[in-house]
Amino acid sequence: MARIGVLTCSNATQDLGCSSASCLADFRKRRGSFADYPQDEPLDLVGIINCPGCPTVIGADKLLQRIRALTEFRVDVIHFTYCIKALCPFK
Numbered sequence: 001m002a003r004i005g006v007l008t009c010s011n012a013t014q015d016l017g018c019s020s021a022s023c024l025a026d027f028r029k030r031r032g033s034f035a036d037y038p039q040d041e042p043l044d045l046v047g048i049i050n051c052p053g054c055p056t057v058i059g060a061d062k063l064l065q066r067i068r069a070l071t072e073f074r075v076d077v078i079h080f081t082y083c084i085k086a087l088c089p090f091k
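Take 1 as the starting number for the sequence shown in our numbering and just add one per residue.
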């Protein structure tokens with residue numbers, strides 16, 4: 001079973017009001033990057049975290065702190081949402 005975490009863009013979720021519903025639908029229907037998993041392999045969504053916002057002097061430390069907190073729940077992989085992959089100027 002793949003234990004999956006998801007990283008979302010805080011600008012999209014907080015400023016634009018994105019609920020991550022499309023990304024969760026992709027998870028359930030195994031579309032996008034979730035299509036890489038075999039259909040017979042169970043997927044476990046462990047958690048969703050937000051990027052702390054566009055980088056500042058301490059932005060990287062804040063992001064790593066959030067990732068560490070998620071990894072304490074034994075995630076196998078962290079997927080970036082579409083907004084991170086398509087829109088983030090700092091990826």
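No residue lacks a Cβ here, since even glycine has one placed at the ideal position from N, Cα and C.
Since the structure is predicted, the reported quantities are computational estimates derived from the model, not experimental observations.
Quick one: residues in its chain with C-beta nearer than 7 Å to the C-beta of residue i, no 5 flanking neighbours on either side, listed in chain order?
{"i": "R74", "result": "R3"}
With H, G and I counted as helix, E and B as strand and the rest as coil, what does DSSP make of residue i?
{"i": "G17", "result": "coil"}
{"i": "G53", "result": "coil"}
Looking at the secondary structure, which residues open and close the beta strand (DSSP E) in which residue i lies?
{"i": "I4", "result": "2 to 8"}
Spatial neighbours of residue i within its chain, please: C-beta separation below 6 Å, excluding the five flanking residues on both sides.
{"i": "I78", "result": "G5, L7"}
Which partner residues of residue i appear in the DSSP bridge assignment?
{"i": "D36", "result": "In DSSP, D36 forms no bridge with anything."}
{"i": "F90", "result": "Beta-bridge pairing links F90 to no other residue."}
{"i": "D44", "result": "R3"}
Can you find a heavy atom of the ligand ZN that lies under 8 Å from the Cβ of residue i?
{"i": "L24", "result": "By its list of ligands, the structure shown contains no ligand whatsoever, and the ligand ZN lies outside what it can speak to."}
Short of 8 Å in beta carbon distance, which residues of its chain neighbour residue i, apart from the five on each side in sequence? Order them along the chain.
{"i": "P52", "result": "S10, G59, K62, L63, R66"}
{"i": "P89", "result": "C54"}
Between which two residues does the alpha helix (DSSP H) holding residue i run?
{"i": "I67", "result": "59 to 71"}
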